[in-house]
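Numbering (the numbering used here), first residue to last: 5 to 852.
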């Protein structure tokens with residue numbers, strides 16, 4: 005066998021060879037049997053008549069067709085043709101007549117076998133009134149009646165014998181032959197060897213006594229000559245009468261098979277003596293005697309066959325009733341045994357059950373196989389065999405091996421009929437899935453379709469299938485529970501599994517450790533109610549308890565799939581921060597899995613990261629302001645120069661003989677205005693580089709853009725770059741930290757200014773634009789027509805990624821961190837006509 009169960013080429017070759025040998029054996033057996041029957045038929049033919057008194061070939065053909073599949077019927081019929089031609093051609097008959105008679109013989113066999121197969125549930129069995137009645141009606145009477153018309157017509161045509169005389173002779177001849185030969189041949193072929201091997205010694209002795217009686221009657225009665233012609237008729241009747249007690253004995257004690265053999269023997273002896281005028285038939289007319297014998301044997305044998313069938317049917321009914329009672333008791337014991345039996349003790353239970361099955365059903369061998377991952381691999385989990393059946397059980401194991409599915413695929417039972425025994429491979433199916441196979445071997449009881457043994461095994465198979473399925477399910481559940489326990493134990497956070505009502509089903513070791521370490525809700529152990537434990541915590545003054553109970557309750561009620569929360573809890577190690585998460589279980593009975601994760605160290609790490617980020621941002625701002633020293637000096641130089649010039653002018657005015665006080669006042673106002681301008685520059689610079697902790701609040705993004713542009717206006721003039729501000733006229737108020745957002749805008753505009761590598765050139769332009777999208781978002785774009793990104797724009801936000809000589813690669817990385825911290829997004833692209841665009845989006849603050 006190949007891996008997928010298909011037959012390999014050598015195996016196919018061996019199978020084909022065995023099939024050819026089998027067909028050849030059937031062909032030879034059919035030809036030899038037909039030849040022997042024809043020889044007997046010619047021996048029993050009257051000297052001046054064409055039909056024989058008994059013509060066994062037709063009955064032999066009928067028996068062969070009943071015993072073989074319909075697909076090889078043509079082979080069986082053609083195998084008999086050479087024997088038919090070889091024997092009947094020697095009678096001096098025309099070849100056309102010989103072939104025609106062979107056709108009529110075949111027609112009778114086909115009508116008989118085909119009709120019985122069509123209407124009988126078991127055409128090879130004669131153990132019920134219904135089956136025997138169909139046999140008598142179809143095989144014994146209908147088929148010979150119909151085929152005799154063709155046969156008589158052929159004889160009348162070729163040999164010019166009287167049509168109705170031939171028809172009558174053939175009808176009674178074939179009727180008697182079918183009645184006596186077909187049951188004997190069929191039952192000997194189907195159960196003869198098994199009966200010899202398995203019948204009790206007393207039955208063998210009884211059969212031997214019956215055979216001896218037949219021989220005694222044939223020897224000492226029928227071969228004795230009649231005293232004279234006057235007593236011939238009396239002797240004829242007396243001789244036949246001696247067979248009647250033997251026939252009745254066979255019908256009552258030996259069943260249809262014994263009766264058929266007895267009737268066949270009596271018919272052959274009596275008809276042979278009548279045809280050849282031996283014994284009491286000496287000196288009598290064979291024509292008149294044989295017809296009377298045919299009618300007598302038919303009239304006697306048919307009722308006796310019915311009686312034998314009724315007796316056998318009653319006997320089988322009693323046996324089946326007894327077996328049914330035994331079976332019901334067996335099923336009750338098996339079901340009760342497996343209900344409470346744990347899966348780890350089921351192996352011993354299966355072995356004991358197989359013993360009970362074998363003893364109760366009178367079997368010789370019982371084996372149980374369990375299928376593994378696929379129905380191609382099986383493991384023998386138990387076996388039992390009766391005393392003296394060890395070799396039979398071992399032979400079945402060798403035949404089946406570990407691949408019983410090769411012999412019995414699917415969910416239907418397979419019946420293997422051997423010469424000495426019958427094997428049944430009964431799949432154990434639960435919910436249309438094959439769990440295993442039960443193999444039963446019997447040398448005494450047939451198990452063909454419709455047999456009581458097969459039906460009994462179906463019931464037994466259901467009980468074993470349920471037990472095997474329960475074992476497999478429990479083993480899988482145990483393995484699953486072990487896996488779950490191992491997984492739960494390996495988790496580094498606490499896990500609590502609750503049912504629909506909030507009662508704790510199970511917890512892991514880490515949860516119990518957390519309870520001990522943090523002093524948490526100690527009542528939240530297996531068996532306690534988690535919701536009640538949380539509410540009891542809230543009564544101690546911890547507000548998170550009620551919130552947790554409410555959130556977990558919504559998950560258990562099915563109104564939400566997940567609940568998240570955090571709480572702090574004091575322990576001997578100080579304050580601990582715990583993250584709580586409840587997720588609904590997707591199962592009919594509901595429930596939830598609740599995890600408690602100690603995130604104290606994570607929160608500390610996040611705080612340290614935020615501090616480091618703030619330090620880095622401050623360094624970046626200081627570095628940026630250092631790079632803008634010339635621009636800031638230029639901005640401060642203008643108001644300071646104005647202050648100096650105006651102060652000198654005011655002093656000259658006051659020194660005049662007639663000072664112009666009004667002009668001096670206006671000059672002092674200009675001094676004050678220049679001072680405010682210088683103050684604003686210093687304040688903006690101080691606010692930008694201050695190192696205060698972040699403060700969130702409403703921030704007018706348009707004002708931030710305007711302040712940064714004013715701060716960089718001098719640097720832009722130095723670089724010969726024009727900065728244009730474009731607002732859509734709608735307020736752009738976001739919630740965040742003003743200094744951090746200023747840093748983002750400053751970094752983006754400075755990068756835009758530095759993208760112009762050469763100091764000269766025209767149309768050097770940076771556009772700073774803000775647009776609001778409805779009531780939810782605002783987008784800020786910084787667009788330049790400089791050199792653009794020489795690296796992929798999406799990688800420009802990675803830390804330490806820079807394209808400027810002497811750059812640190814932190815500006816855009818910091819900008820992305822700040823924007824994402826404000827629940828926004830930032831991206832960069834190269835413009836089609838040169839330059840680049842960096843934009844970010846932030847959610848607008850909700851209006852009160």
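Built from N, CA and C at the ideal position, the CB exists for glycine as well. Note that this is a predicted model, so its numbers are computed, not measured.
Scanning 531, 249, 386 and 441 for the CA closest to the CA of residue 431 turns up 441. Going by beta carbons, residue 358 and residue 338 fall outside the 8 angstroms limit. Per DSSP, residue 155 lies in no beta strand (DSSP E); the unbroken alpha helix (DSSP H) holding it starts and ends at 147-163. DSSP places residue 727 inside the beta strand (DSSP E), whose first and last residues are 726-731. Apart from sequence neighbours up to five positions away, the residues of its chain that approach residue 447 with a beta-carbon distance below 7 angstroms are 198, 201, 202, 368, 424 and 425, ordered along the chain. By the C-beta criterion, the stretch 161-177 is judged not to be in contact with the stretch 130-139, since fewer than 3 inter-stretch pairs fall below 8 angstroms. Under the three-state reduction of DSSP, residue 474 is assigned to helix. In this structure, the straight-line span from the alpha carbon of residue 171 to that of residue 180 is close to 14 angstroms. For residue 546, no alpha helix (DSSP H) segment is defined, and its DSSP state is neither H nor E.
Around the beta carbon of residue 361, 16 or more other beta carbons sit within 10 angstroms, so the residue counts as buried. At a cut-off of 3 residues, not a single continuous stretch assigned as beta strand (DSSP E) sits fully inside the stretch 259-320.
Check the Cα spacing between residue 796 and each of 841, 220, 38 and 665: the tightest is with 841. Apart from sequence neighbours up to five positions away, the residues of its chain that approach residue 184 with a beta-carbon distance below 6 angstroms are 267, 268 and 271, ordered along the chain.
The Cβ atoms of residue 100 and residue 38 do not sit closer than 8 angstroms to each other. The stretch 738-750 makes contact with the stretch 702-717; the number of CB pairs closer than 8 angstroms reaches 3 or more. Taken through DSSP and simplified to helix, strand or coil, residue 847 comes out as strand.
Straight across, the Cα-Cα distance linking residue 651 with residue 660 is about 15 angstroms. Boundaries for residue 112: no beta strand (DSSP E) harbours it, while the alpha helix (DSSP H) harbouring it runs 99-123, taken from the DSSP string. Residue pairing by DSSP puts residue 369 in a beta bridge opposite 389 and 445. Sequence-distant Cβ neighbours of residue 790 in its own chain, meaning closer than 6 angstroms and more than five residues away, are 759, 760 and 839. Contact annotation: residue 190 and residue 70 have beta-carbon atoms nearer than 8 angstroms. As the crow flies, the alpha-carbon of residue 57 is around 25 angstroms from that of residue 120.
For residue 567, the number of other beta carbons within 10 angstroms of its own is at least 16, and it is reported as buried. Listed as beta-bridge partners of residue 834 by DSSP are 840. At the C-beta level, residue 589 and residue 601 stay beyond 8 angstroms of one another. Excluding five sequence positions before and after residue 139, the CB atoms of its chain that fall closer than 7 angstroms to its own CB belong to 120 and 130, given in chain order.
Cβ contact annotation for residue 387 (same chain, cutoff 6 angstroms, sequence separation greater than five): 371, in chain order. Residue 303 counts as exposed, since fewer than 16 other C-beta atoms from the protein chains shown sit within 10 angstroms of its C-beta. As a beta-bridge residue in DSSP terms, residue 785 pairs with 773 and 843. Cβ-Cβ separation between residue 581 and residue 603: approximately 5 angstroms, consistent with a contact (criterion under 8 angstroms). Using a Cβ distance threshold of 8 angstroms, residue 467 and residue 400 do not count as a contacting pair. The C-alpha of residue 655 is placed about 10 angstroms away from the C-alpha of residue 671. Residue environment: residue 777 is assigned as exposed (fewer than 16 neighbouring CB atoms within 10 Å of its CB, all protein chains considered). Straight-line spacing of the CA atoms in residue 116 and residue 146 works out to 8 angstroms.
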